[in-house]
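First up is the structure itself, then whatever we jot down about it.
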Amino acid sequence: MLIHPWDAARDDTEWQQWLAVHDFGQLAVNGPAGEPPFVQPLHFAHDPARGEVLTHLARPNPLWSALEASPDCLLSVVDDYAYVPGPWQAEPDGPAEHGTPTSFYAAVQLRCRAHVVDDPVEKAALLNHQVGHFQPEGGSARVAVGEVPYGRMLSGIRGLRLEVTDVRAKFKYAGKRSAQVRKRIADGLTDRGGPGDAAAREHLLRRQRA
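Below, the structure written as C-alpha cells:
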C-alpha cells in the first residue's frame with residue numbers, strides 16, 4: 000500500500016481509534032507454493048494494550064494448514080470510502096474538467112504472526128472477549144467448557160491470536176489539496192449524501208482541523 004506523507008496516520012491513536020469501530024476485515028495468508036493467498040473475511044477484536052488481534056474460525060477452514068505452514072499473515076481493513084469526481088478536485092485557477100477523479104478511503108494493514116488456540120479453556124476466554132467487544136450490552140450466555148449452550152460447540156472451532164508485528168495506516172482525504180478545494184469536496188459530499196459520503200467528509204474535516 001502506497002502511503003504519501005500527507006495520507007499517513009498522524010499517530011498511533013488515530014488508527015487505533017478507527018480500528019476500534021472498524022472491526023471487520025480480511026485476513027490474507029500465504030497459500031501453498033504456486034497458489035494465490037487465502038483471504039478470509041472475518042470479525043475480530045483488536046487489543047492495542049496487548050498488541051494483538053483475537054478471532055476464531057471453523058475447524059474445517061483451509062486457512063489452518065496454511066497458517067501452520069507459514070504463520071506470518073496480514074489483516075487488512077478498509078472502510079469510509081467514497082468516489083470523488085474530477086471537477087470537485089480542480090484547482091480554482093484551472094478548468095473544472097481538468098480536475099483528477101480519485102478515491103477517498105481509510106485503510107489499516109496489520110502484519111501479524113498467528114498463534115493457534117486449541118485449549119478449550121483458552122478458546123472459551125477468547126470467545127467471551129470477542130462477544131464482550133461486539134455485544135457489551137450482554138444478552139448471551141458466557142462460553143464455558145462443558146456447559147450449555149456453547150460448551151459443546153468449542154470442538155468445532157479454533158481460536159486465533161494474531162500478534163501484531165507491524166502496522167501501516169492510511170487516511171486518504173485530500174491531504175495535499177488547498178483549503179478551497181477541500182471545502183468544495185466537503186460541500187459536494189454533503190450534497191450527494193451517498194453511502195460513505197458522511198464518514199469521508201468527517202475524515203476530511205477532522206484531518207484538516209488537526
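Numbering that gives the first Met the number 0 numbers the first residue of the sequence shown as 0 and each following residue consecutively. From the three backbone atoms N, C-alpha and C, an ideal C-beta is built for every residue, glycine too.
Give the DSSP-derived three-state secondary structure of valine 120 in the structure shown.
-> Locating residue 120 in the sequence shown gives position 121, counting from the first residue. Assignment of valine 120 by DSSP, reduced to helix, strand and coil, places it in the helix class.
Closest by CA to glycine 174, which one among Asp78, Glu136 and Phe103?
-> Along the sequence shown, read from residue 1 onward, the residue named residue 174 stands at position 175. Comparing Cα-Cα distances from glycine 174 to each of Asp78, Glu136 and Phe103, the minimum goes to Phe103.
Taking all protein chains shown into account, do 16 or more other C-beta atoms lie within 10 angstroms of the C-beta of alanine 16, making it buried, or fewer, making it exposed?
-> Taking the sequence shown and counting its residues from 1, the one referred to as residue 16 is at position 17. According to the sequence as given, residue 16 is glutamine; it is not alanine. Counting Cβ neighbours within 10 Å, glutamine 16 comes out exposed, since fewer than 16 surround it.
Can a CB atom of chain C be found closer than 9 Å to the CB of threonine 54?
-> Of the chains in the structure shown, none is chain C; there is only one protein chain.
Mind checking phenylalanine 170: buried by the 16 CB within 10 Å criterion, or exposed?
-> Numbered from 1 along the sequence shown, position 171 holds the residue referred to as residue 170. The residue in question, phenylalanine 170, is buried, as its Cβ has 16 or more Cβ neighbours within 10 Å.
Flag this pair as yes or no: are the beta carbons of tryptophan 14 and alanine 168 separated by less than 9 Å?
-> Residue 14 sits at position 15 when you count from the first residue of the sequence shown. Residue 168 sits at position 169 when you count from the first residue of the sequence shown. Going by C-beta atoms, tryptophan 14 is nearer than 9 Å to alanine 168.
Ordered along the chain, which non-local residues of its own chain (more than five positions away) have a Cβ less than 8 Å from that of serine 69?
-> Position 70 of the sequence shown, counted from the start, is the residue given in the question as residue 69. The answer, listed in chain order, is Val28 and Asn29.
7 Å Cβ shell around arginine 183 - same chain, five flanking residues per side excluded | To locate residue 183, count along the sequence shown from 1; it is residue 184. Within the same chain, arginine 183 has close Cβ partners Trp87.
Measuring CA to CA, which of Thr12, Asn60, Val38 and Trp63 is closest to aspartate 46?
-> For the purposes of this step, residue 46 is taken as residue 47 along the sequence shown, with counting starting at 1. Closest option to aspartate 46, Cα to Cα, is Thr12.
Please check the pair aspartate 71 and alanine 105, which I expect to be a contact at CB under 8 Å, by giving their CB distance rounded to whole angstroms.
-> The sequence position of residue 71 within the sequence shown is 72, counting from 1. The sequence position of residue 105 within the sequence shown is 106, counting from 1. Their Cβ separation, rounded to whole angstroms, is 24 Å, which puts aspartate 71 and alanine 105 out of contact at 8 Å.
Just checking my contact of valine 38 with leucine 109 at CB under 8 Å: how many whole Å lie between their CB atoms?
-> Translated into the one-based positions of the sequence shown, residue 38 becomes position 39. Translated into the one-based positions of the sequence shown, residue 109 becomes position 110. No, valine 38 and leucine 109 are not in contact; Cβ-Cβ is about 14 Å, not under 8 Å.
In terms of DSSP beta bridges, what is lysine 171 paired with?
-> Translated into positions along the sequence shown, residue 171 becomes position 172. Lysine 171 pairs with Tyr104.
How should glutamine 129 be labelled, buried or exposed, when 16 other C-beta atoms within 10 angstroms of its C-beta is the threshold for buried?
-> Translated into positions along the sequence shown, residue 129 becomes position 130. Answer is buried; the Cβ neighbour count reaches 16.
Cut-off 6 Å between Cβ atoms - residues of its own chain near alanine 95, not counting five sequence neighbours on either side = For the purposes of this step, residue 95 is taken as residue 96 along the sequence shown, with counting starting at 1. Taken in chain order, the residues that qualify are Pro86 and Ala89.
Alanine 57 - DSSP class collapsed to helix/strand/coil | Position 58 of the sequence shown holds residue 57. DSSP places alanine 57 in strand when its eight states are reduced to three.
Secondary structure, alpha helix (DSSP H): runs of 4+ residues fully inside the segment 124 to 191 = 178 to 191
What alpha helix (DSSP H) runs, 4 residues minimum, are completely inside the segment 28 to 75?
-> 62 to 68
Pick helix, strand or coil for glycine 85, following the three-state DSSP scheme.
-> Here the question's residue 85 lines up with position 86 in the sequence shown. The answer is helix: DSSP assigns glycine 85 an H, G or I state.
Start and end residues, alpha helix (DSSP H) containing arginine 9 | The sequence position of residue 9 within the sequence shown is 10, counting from 1. DSSP places arginine 9 outside any alpha helix (DSSP H), giving it a letter other than H or E.
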